[in-house]
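Step one of this worksheet: look at the structure below.
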Amino acid sequence: MNVDLDGEFDTAASADETFAFITTPEKFAPVLPYFKGLDVKDQRHFTVTLEVGVPQIRGRADVDAELVESEAPSRAVYVIKGRHALGMMDSRMTFTVAPKEAGARVVWVTQSVVSGTLASLAQGILLPLAKRQIKSLVQAVRMELGGEAEPAAPSLVSRGTSSLRGLFGKSTGSAR
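Position 135 of the sequence shown, counted from 1, bears residue number 267 in the working numbering, the numbering being contiguous throughout.
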């Protein structure tokens with residue numbers, strides 16, 4: 133199953149600081165969702181232990197990462213291989229960092245192939261779960277680099293109330 137995701141986010145840190153964070157496993161790995169451990173082999177190779185799975189099926193996986201391209205402070209590319217008893221994941225993740233007036237913008241792209249029993253069982257929820265984990269990771273990186281948290285999305289009740297107000301022509305001000 134192919135899982136291709138992309139996005140961008142801003143940080144308050146400079147492009148140099150942002151690039152250094154993204155390419156330093158000791159800084160970046162601990163903010164990964166479900167992080168359990170890190171083994172740095174050298175400047176370009178490391179293994180991250182993560183808790184993976186879906187709510188009913190969980191386990192630990194060692195994920196090997198290699199920094200295959202590094203052009204400071206603008207571009208970093210990782211090749212990532214994860215193995216678990218219930219499946220495998222091979223990814224290529226690219227980060228492009230550009231300076232902004234107040235900080236940096238990070239554009240990221242990941243192309244992944246997920247296979248095995250877990251991918252078959254969780255096919256319908258794998259993509260939404262991956263998107264949620266990426267969103268969590270982006271929030272953690274932004275916070276580490278001095279960025280502000282994104283405002284929380286309106287709750288279901290709030291959205292419903294707003295829709296009803298719009299439907300019946302009520303303003304958000306107090307009732308008369």
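Idealized CB from N, CA, C, for every residue including glycine.
Quick caveat, the model's predicted, so the values are computed rather than measured.
task = Assign R264 to one of two classes, buried (16 or more other C-beta atoms within 10 Å of its C-beta) or exposed (fewer than that).
result = exposed
query = Alpha carbon to alpha carbon, how far is H177 from V209?
reply = 12 Å
G219, buried or exposed, once every other Cβ within 10 Å from all chains shown has been counted against 16 = buried
key: alpha helix (DSSP H) segment containing D101, residue limits   = No answer is possible for residue 101: it lies beyond the span of the chain, which begins at 133 and ends at 308.
key: Nearest-angstrom Cβ-Cβ length linking F141 and R224, presumed shorter than 8 Å   = At roughly 19 Å, the Cβ-Cβ gap does not stay under 8 Å, so F141 and R224 are not in contact.
query = A161 and V180 look like a contact to me (Cβ under 8 Å); what is the Cβ gap, rounded to whole Å?
reply = Their Cβ separation, rounded to whole angstroms, is 5 Å, which keeps A161 and V180 in contact under 8 Å.
ask   = What do you reckon, are the CB atoms on P157 and S268 nearer than 9 Å?
value = no
D194 - partner residues in DSSP beta bridges = DSSP, once it has assigned bridges, lists T181 and R215 as partnering D194.
key: P283 versus D171 - alpha carbon distance   = Because P283 sits at a pLDDT of 49, beneath the cut-off of 50, its placement in the model cannot be relied upon, and the following sentence gives the value as read from the coordinates. Rounded to the nearest angstrom, the two C-alpha atoms are 34 Å apart.
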